[in-house]
Amino acid sequence: MEEIIKKLRELLGEVSDIGGASAVLGWDQQTYMPPGGAQDRAMQLATLNRLGHEKFVSDEMGHLLEELRPTVETLHPDSDEARLVIQIAKEYEKQRKVPSEWVANFSRTTSLAQHNWQSAREQSNFEKFRPDLEQVIDLRKQYTEYFKPYDHIYDPLLDDFEPGMNTADVKRVFDELRPLQVELIQAISESSHPVDNSLLNQYFDEQKQWDFGEEVIKDFGYDFERGRQDKSAHPFTTSFGIGDVRITTRVNPNVFNTALFGTLHEAGHGMYEQGISPTLSRTPIADGASLGLHESQSRMWENLIGRSRPFWIGYYPKLQEYFPAQLENVKLEDFYRAINKVEKSLIRVEADEATYNLHIMLRFEIELGLMEGKLSTEDLPDIWNSKMEEYLGVTPSNDADGVLQDIHWSAGIFGYFSTYSLGNLIASMLWEKINEDIPDLQSQIEASKFDVLLSWLRKNIHVHGSKYEPVDLVKRVTGSDLTAEPYIKYLNTKFGEIYKF
Ligand code: ZN
């Protein structure tokens with residue numbers, strides 16, 4: 013049996029080498045590639061992704077898994093080998109249904125679509141991107157065909173990002189959340205203690221913003237020996253293997269929040285990937301358990317830590333040293349309230365914690381409409397704008413700040429957005445447990461000490477990669493099924509204190 017496991021690992025190693033190489037090309041495309049490289053890059057990525065897929069769904073892989081399946085029960089159920097065989101067999105069944113030709117076509121189409129989205133966004137011209145979007149949606153609909161029968165056309169898409177959840181589950185979570193979020197925002201808007209955040213919209217030198225962000229994430233434990241940060245139009249994290257996990261951010265010299273919170277967020281993703289057990293290296297389960305779990309990590313470091321008072325008790329004096337002219341006369345409390353101002357805003361990634369989920373619900377509803385065929389791309393900008401008005405009371409004045417703001421659809425990732433909200437929920441569930449296990453966590457954060465926290469996350473979450481189903485992992489750690497309760501409690505306490513209601 014050991015011999016067969018060795019063969020399986022060799023084959024999976026080759027699949028993940030191809031995946032890693034393709035990730036390098038994707039990273040380069042988003043960071044340094046000149047515009048002229050787009051056509052060739054799309055072909056290169058299509059070829060690599062097709063080869064990786066062909067290798068993964070090969071008969072050889074099928075035979076190895078077939079031989080190993082009966083012996084899994086003789087292994088310890090939590091061993092890498094047992095979990096590897098179980099998770100790979102499941103993924104194999106799934107991928108086997110998808111023709112390699114579709115994979116190549118999808119890769120080529122989305123690579124070009126991302127390129128065209130970028131320039132359409134720069135020109136704020138949705139019509140320029142619409143033909144690409146049409147193609148991507150058609151391919152995604154075709155993809156769902158391979159998984160028939162399903163309860164809902166959106167289920168196979170969601171399953172790629174959040175295994176174990178279906179459309180009905182997400183609808184249920186959102187139905188529970190929506191009225192509570194609306195109530196919270198109502199209470200904030202009626203508060204007689206408004207927050208002034210104009211101090212964040214001064215000129216902040218780009219390099220200094222960059223340096224401060226890197227200083228913080230070094231303290232967090234993001235390992236620059238196994239990663240680096242670059243600039244991109246949309247912040248992201250990508251892994252070429254446990255030893256090379258890269259992040260990006262963007263910097264706006266006139267808006268303080270953009271770069272720093274982007275960096276903290278992506279570092280949260282990056283530390284997850286850097287913390288995966290080396291014994292899972294070069295296998296497809298050397299990856300986060302799901303995007304919801306991934307977002308729980310990024311949003312924990314960004315918000316539960318990075319937007320907390322204890323964090324700024326530690327870092328505010330340092331930030332004032334970076335920006336004396338801007339912040340010397342600003343009190344910590346005013347700064348803390350400013351970075352937590354709740355605003356009906358246009359841009360999801362810059363949204364505050366209280367309104368964030370409404371941005372997600374809007375996208376979820378639009379994605380369902382597109383997949384169910386009830387919405388056409390022609391109507392998208394109008395639908396987007398009217399939903400923004402309905403949910404957030406603001407209307408974008410152009411497509412760049414509206415329907416074109418996110419990269420996801422151009423990359424073909426439908427079913428992804430809801431995982432951001434699930435991540436918020438999971439982060440708060442984990443946070444309650446962490447604070448139980450580390451009673452002096454808040455004073456450690458005040459002292460800018462994060463090693464005990466990071467070790468907890470490593471041991472309980474990171475090290476496992478995607479050995480377990482996300483719902484199972486959350487239950488193992490917290491003892492509870494997915495619930496919005498800790499999250500709502502957290503929001504109400506935090507914003508009740510800031511807005512005094
Ligand atoms: Zn993220």
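One gets the numbering used here by counting positions in the sequence shown from 1 and adding 12 to each.
Note that beta-carbon positions come from the ideal geometry of N, C-alpha and C, so glycine has one too.
How should residue i be labelled, buried or exposed, when 16 other C-beta atoms within 10 angstroms of its C-beta is the threshold for buried?
i, result
"Y44", "exposed"
"P563", "Summary: the structure shown does not reach residue 563, with the chain confined to residues 13 through 513, and so no result is reported for it."
"G255", "exposed"
"R81", "exposed"
"M13", "exposed"
"V464", "exposed"
"P206", "exposed"
"Q41", "buried"
"T367", "buried"
"E157", "exposed"
"N266", "exposed"
"A337", "exposed"
"N209", "buried"
Which first and last residues belong to the beta strand (DSSP E) in which residue i is found?
i, result
"Q241", "241-243"
Going by the CB atoms, is the gap between residue j and residue i shorter than 7 Å?
i, j, result
"Y428", "F173", "yes"
"Y328", "L344", "yes"
"F248", "T260", "yes"
"A496", "L189", "yes"
"F252", "A35", "yes"
"G304", "L469", "no"
"S119", "N61", "yes"
"K479", "R95", "yes"
"I30", "L63", "yes"
"K399", "L416", "no"
"A558", "A58", "No answer is possible for residue 558: the residues shown for the chain start at 13 and end at 513."
"K461", "L404", "no"
"L20", "L87", "no"
"E307", "Y432", "yes"
"F268", "L212", "yes"
"N315", "E362", "no"
"V489", "N504", "no"
"Q135", "A423", "no"
"E458", "G326", "yes"
Looking at the unbroken alpha helix (DSSP H) that takes in residue i, where does it start and where does it end?
i, result
"V514", "Residue numbering for the chain in the displayed model covers 13 to 513; residue 514 lies beyond these limits and cannot be assessed."
"D346", "344-351"
"T86", "Run containing T86: none; DSSP gives neither H nor E here."
"H277", "269-286"
"T59", "50-68"
"N436", "430-449"
"K506", "497-511"
"Y480", "Y480 -> no alpha helix (DSSP H), and no H or E assigned at all."
"F141", "138-157"
"E307", "303-311"
"F186", "179-201"
"D231", "218-232"
"H127", "112-134"
"V415", "Here V415 belongs to no alpha helix (DSSP H), and DSSP marks it neither H nor E."
"M73", "71-80"
"P168", "167-173"
So what's residue i in DSSP terms, helix, strand or just coil?
i, result
"S251", "strand"
"S388", "coil"
"Q456", "helix"
"K461", "coil"
"W421", "coil"
"F426", "coil"
"G32", "helix"
"Y104", "helix"
"A337", "helix"
"G318", "coil"
"R294", "coil"
"S204", "coil"
"S467", "helix"
"V27", "helix"
"N369", "helix"
"A363", "coil"
"M45", "coil"
"H515", "In this structure the chain extends from 13 to 513, so residue 515 is not present and cannot be described."
"E355", "coil"
Using 7 Å as the limit for Cβ to Cβ distance, is residue i near chain B?
i, result
"Q241", "This model lacks chain B altogether, as it is built from one protein chain only."
| task | Please confirm if the segment 266-285 is in contact with the segment 147-156, defined as three or more CB-CB distances below 8 Å between the two stretches. | result | no
| query | Are there three or more Cβ pairs, one per stretch, closer than 8 Å when the segment 280-298 is compared with the segment 394-414? | reply | no
| message | Using 8 Å as the cut-off, can you tell me whether the segment 388-400 makes contact with the segment 104-124, which would need three or more C-beta pairs spanning the two stretches below that distance? | response | no
| said: Assess contact between the segment 200-214 and the segment 437-450, defined as three or more Cβ pairs (one per stretch) separated by less than 8 Å. Is contact present? | reply: no
| query | Does the segment 180-196 come close enough to the segment 362-379 that 3 or more CB-CB pairs lie under 8 Å? | reply | yes
| request: Evaluate the contact criterion for the segment 313-325 versus the segment 292-300: three or more CB pairs, one atom per stretch, below 8 Å. | output: no
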